[in-house]
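In the working numbering, the protein residues as written are 398 to 655. Built from N, CA and C at the ideal position, the CB exists for glycine as well.
See the structure below:
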């Protein structure tokens with residue numbers, strides 16, 4: 398499949414969807430090699446894996462309704478980005494690490510050709526045998542190495558919690574609050590969303606993290622209990638009755654080495 402079938406586009410999908418037509422009959426689909434910073438299209442992934450009906454249309458053809466049944470495998474040297482707040486997409490992703498490489502030598506090529514020519518029926522029999530066994534007991538557990546790799550992959554896409562921990566100070570001292578308010582030019586006990594987002598952009602660049610749009614950034618903060626309301630023409634971030642300051646706006650004393 399073309400990666401355009403599952404990768405988020407800058408523009409909203411409209412019109413024909415020839416990249417999705419293969420899912421009409423497919424039982425297994427492979428997508429090869431995404432680029433850095435490309436993000437999975439959550440709505441498409443949910444539609445393809447949710448056992449629901451989906452409307453698709455080939456070029457110059459009428460729209461049809463299909464029920465996708467394929468398992469999708471993305472084979473890539475670059476991990477795609479996902480929305481770490483979206484439980485549905487997190488539940489659908491399994492990361493399988495391939496830690497071995499195979500050199501393209503005459504010996505290896507001959508070995509692969511031998512398997513294809515002489516042993517392919519044995520591999521097919523194994524697949525049928527294990528598939529039949531799974532159909533009987535349905536007991537197929539994800540290996541621990543895949544569980545760990547999947548958890549790490551999801552954590553890598555969680556940019557908000559590390560940003561909050563590193564860049565936002567909860568309940569600063571009076572001196573720190575005054576210093577931050579002087580630099581910000583306001584007396585609010587909260588943060589201007591525009592200032593926090595500017596720091597967030599720089600932080601993602603410094604830490605090689607995916608950067609959300611401001612609306613997504615705002616929503617992620619609200620999910621974590623921050624309240625964002627309009628105040629005197631500015632969106633202000635607040636947290637319960639606590640004061641908040643950006644660490645970039647204050648002088649932090651370095652801890653002395655013990």
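Nearest-angstrom beta carbon gap, residue j and residue i [assumed within contact, 8 Å]
i: residue 450; j: residue 469; result: Between residue 469 and residue 450 the Cβ distance is about 18 Å, and since that is not below 8 Å, they are no contact.
i: residue 416; j: residue 402; result: 4 Å
i: residue 597; j: residue 560; result: 6 Å
i: residue 424; j: residue 467; result: 6 Å
i: residue 590; j: residue 615; result: 6 Å
i: residue 543; j: residue 509; result: The pair is not a contact, with the Cβ atoms about 25 Å apart (cut-off 8 Å).
i: residue 531; j: residue 537; result: 5 Å
i: residue 585; j: residue 628; result: 6 Å
Which listed residue (the options) has its alpha carbon closest to that of residue i
i: residue 552; options: 536, 607, 418; result: 607
i: residue 572; options: 605, 596, 646; result: 646
i: residue 599; options: 504, 556, 530; result: 556
i: residue 547; options: 601, 487, 400; result: 487
i: residue 541; options: 489, 534, 549; result: 549
i: residue 418; options: 454, 447, 442; result: 454
i: residue 558; options: 471, 618, 460; result: 618
i: residue 633; options: 605, 602, 648, 581; result: 581
i: residue 496; options: 474, 484, 514; result: 474
i: residue 440; options: 610, 484, 525, 648; result: 484
i: residue 567; options: 406, 637, 603; result: 637
i: residue 420; options: 537, 452, 574; result: 452
Which of helix, strand or coil DSSP assigns to residue i
i: residue 426; result: strand
i: residue 470; result: strand
i: residue 502; result: coil
i: residue 510; result: helix
i: residue 462; result: strand
i: residue 653; result: With a pLDDT of 42 at residue 653, under the threshold of 50, the predicted position of this residue should be treated as unreliable, and no value is reported.
i: residue 405; result: coil
i: residue 417; result: helix
i: residue 643; result: strand
i: residue 437; result: strand
i: residue 452; result: strand
i: residue 399; result: coil
i: residue 444; result: helix
Contacting residues, own chain, Cβ-Cβ under 8 Å from residue i (five flanking each side not counted)
i: residue 478; result: 434, 435, 436, 437, 554, 607
i: residue 404; result: 431, 435, 436, 437, 438, 477
i: residue 505; result: 499
Close Cβ partners of residue i (< 7 Å) along its chain, the five nearest in sequence each way excluded
i: residue 620; result: 482
i: residue 643; result: 564, 565, 577, 588, 592, 593, 596
i: residue 400; result: 428, 431
i: residue 442; result: 403, 486, 489
i: residue 414; result: 453, 454
i: residue 603; result: none
Sequence-distant residues of its chain with Cβ nearer than 6 Å to residue i (five each side left out)
i: residue 635; result: 587, 624
i: residue 384; result: As displayed, the chain neither begins before 398 nor continues past 655, which places residue 384 out of reach and without an answer.
i: residue 471; result: 428
Minimum Cβ-Cβ distance from residue i to chain C less than 8 Å
i: residue 630; result: Given the protein chain composition of this structure (a single chain), no chain C is represented.
Ranges of the alpha helix (DSSP H) found wholly within the region 516-603, counting only runs of at least 4 = The alpha helix (DSSP H) runs lying completely inside the region 516-603 and spanning 4 residues or more are 517-534, 541-553, 557-564, 571-581, 590-603, given in chain order.
Which ranges would you report for the beta strand (DSSP E) in the region 597-641 if only whole runs of at least 3 residues count?
-> Fully enclosed beta strand (DSSP E) runs of 3 or longer: 624-628, 631-635.
Where in the region 471-498 do unbroken runs of the beta strand (DSSP E), each at least 3 residues long, occur, reported from the N-terminal end onward?
-> Those beta strand (DSSP E) runs which fall completely within the region 471-498 and span 3+ residues do not exist here.
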